[in-house]
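Counting in the numbering used here, the sequence shown runs from -9 upward without gaps.
Heads up, the beta-carbon is just placed ideally off N, CA and C, and yes, glycines get one too.
Being a predicted model, the structure only gives us computed values, none of them experimental.
Structure record follows, encoded as C-alpha cells.
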Amino acid sequence: MRRKKNLIINLLIIVFTATFLISGFYIGRYYYTIYRSEKAVSDLKKLIGEDDKITDTNQINTEQSEEKKVEFTDIDGVQVQNKFVKVYKKNKDFIGWLTISGTKIDYPVMHTPNNEEYYLRNDFKKNWSIEGTPFAAGKCDPLKPSDNVIIYGHNMNTGTLFGELTKYADKGFYEGHKYIEFDTIKEDALYEVIATFKTEIDYSNKNAFKYYNFFDANDKTEFDDYVKKAKEASPYQIETTANYGDKLLTLSTCSYHKNQGRYVVVAKRIMVNNKLINQDKDKKKKKKKKK
-9 MRRKKNLIIN LLIIVFTATF LISGFYIGRY YYTIYRSEKA VSDLKKLIGE DDKITDTNQI
51 NTEQSEEKKV EFTDIDGVQV QNKFVKVYKK NKDFIGWLTI SGTKIDYPVM HTPNNEEYYL
111 RNDFKKNWSI EGTPFAAGKC DPLKPSDNVI IYGHNMNTGT LFGELTKYAD KGFYEGHKYI
171 EFDTIKEDAL YEVIATFKTE IDYSNKNAFK YYNFFDANDK TEFDDYVKKA KEASPYQIET
231 TANYGDKLLT LSTCSYHKNQ GRYVVVAKRI MVNNKLINQD KDKKKKKKKK K
C-alpha cells in the first residue's frame, strides 16, 4: 500500500515538474521573441539615424512651412528616399515607418499584398514572432497613397506594438497625441487624428461599420460616409474632420471588450515633406476674410 502511495506521489511530482518546465519554456519563448523583435527594431532605427520628429504640437507652424527636399536612390527600379535605403535593402517588404511621439509606437511598416497577414506573426527579419510587425492592408496602396491606408498591429500586454493605441479612449491622451507620423519610402507625412473608437468585427451584420473594407472612395458620398461613421463612433467630439480629397490613415488593433473587438484610430494627412497640404488654399481663404 505504501509503495503504491509513493508511486502516485512520485508520478504527481513528475507531472507537476514537467508542467512547470513546459510552462516555463513557453513563457520564456514568449518574452524572448518579444525581446528579439524589439532588438531588431532598435537596430533598424540606428540605420535611419536621427530624423525630424514632432515631439511637441507647438513645432507645427500652421501659417507657413517650407517643403523639405527629399533625395532618392534607385534600388531595383524602386525609388527609395535615402534615409530608408539601408532598411529597405534588408527587407524589400518594408514600405515605411510609423511613429506616435510620446508612445512606444515607433515601428517599421510592412506590405505584402499577395499575403496580407504574413507579418502577423513574423518579425522584420522574417523570423516567427508573437509580436509580428505592423503591416498595411493588402488592398491598399501605401505609396500612392490610397484614400485610406489601413495599418494593423498587435495589442501587446507588454505595451509594445499597438498596445498604447487603446489609450486614445481617454480624451486627455488624444489631446497630447494628436499627430501621427507615417514616413514611407516615397515621402514623409504627418497626420492629425480625427476619430478614435472601439468596435467589433461582425461579418454577419450588414449594418456594421466595416471600416476595414474602405480603401478608395468611388465618390464624395462614400468618403463622407466613412468619416461620418468613424466620428459618430468616437467616445468624444474631435473638432478636426476630413473632406473628400484628403488622405486618411487608419490604425487598427485588438480590443478585448468583445470576442472580435478592435480599437481604431483614424487620422487625415495634413503635411507632406514638411509642407502643409492645401496651404495655398488656406492662405487665399484668409485673405478673402480680411477683405
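**Item:** Burial state of D160 (16 or more Cβ within 10 Å)
**Value:** exposed
**Message:** Using only the alpha-carbon positions, how far apart do G143 and T102 sit?
**Reply:** 14 angstroms
**Prompt:** When burial is assigned at 16 or more other CB atoms within 10 Å of the CB, is D137 buried or exposed?
**Reply:** buried
**Asked** What is the C-beta distance between V75 and L155, in whole angstroms, given that I count them as a contact (C-beta under 8 angstroms)?
**Response** That pair is no contact at about 29 angstroms.
**Item:** Nearest candidate by alpha-carbon position, reference T123, set F187, K157, E61 and N81
**Value:** N81
**Request:** Using DSSP bridges, identify the partner residues of L37.
**Result:** According to DSSP, which records beta bridges pairwise, L37 is partnered with nothing at all.
**Prompt:** Of the residues I3, E229 and S32, which one's Cα is nearest the Cα of L151?
**Reply:** S32
**Rounded straight-line distance, which links the Cα of D113 to that of K29** = 11 angstroms
**Message:** Under DSSP, the beta strand (DSSP E) around Y253 begins and ends at which residues?
**Reply:** G251 to V262
**Prompt:** By a C-beta neighbour count over all protein chains shown, 10 Å radius and 16 as the cutoff for buried, is P135 buried or exposed?
**Reply:** buried
**Asked** For K280, is the classification buried or exposed, using 16 other Cβ atoms within 10 angstroms of its Cβ as the cut-off for buried?
**Response** At K280, the pLDDT of 47 sits below 50, so the modelled position is not reliable and the matter cannot be decided from this model.
**Request:** Would you list the residues sitting across from F84 in a DSSP beta bridge?
**Result:** M100
**Prompt:** So who's on the other strand from T156, going by DSSP bridges?
**Reply:** According to DSSP, which records beta bridges pairwise, T156 is partnered with nothing at all.
**Asked** Mind checking W118: buried by the 16 CB within 10 Å criterion, or exposed?
**Response** exposed
**Item:** Touching by the beta-carbon criterion (3+ pairs, under 8 angstroms), the region 219 to 226 and the region 244 to 251
**Value:** no
**Request:** Pull up the DSSP beta-bridge partners for S91, would you.
**Result:** For S91, which the question treats as bridged, DSSP gives no partner whatsoever.
**Asked** Rounded to a whole number of angstroms, what is the C-alpha to C-alpha distance between I140 and K116?
**Response** 21 angstroms
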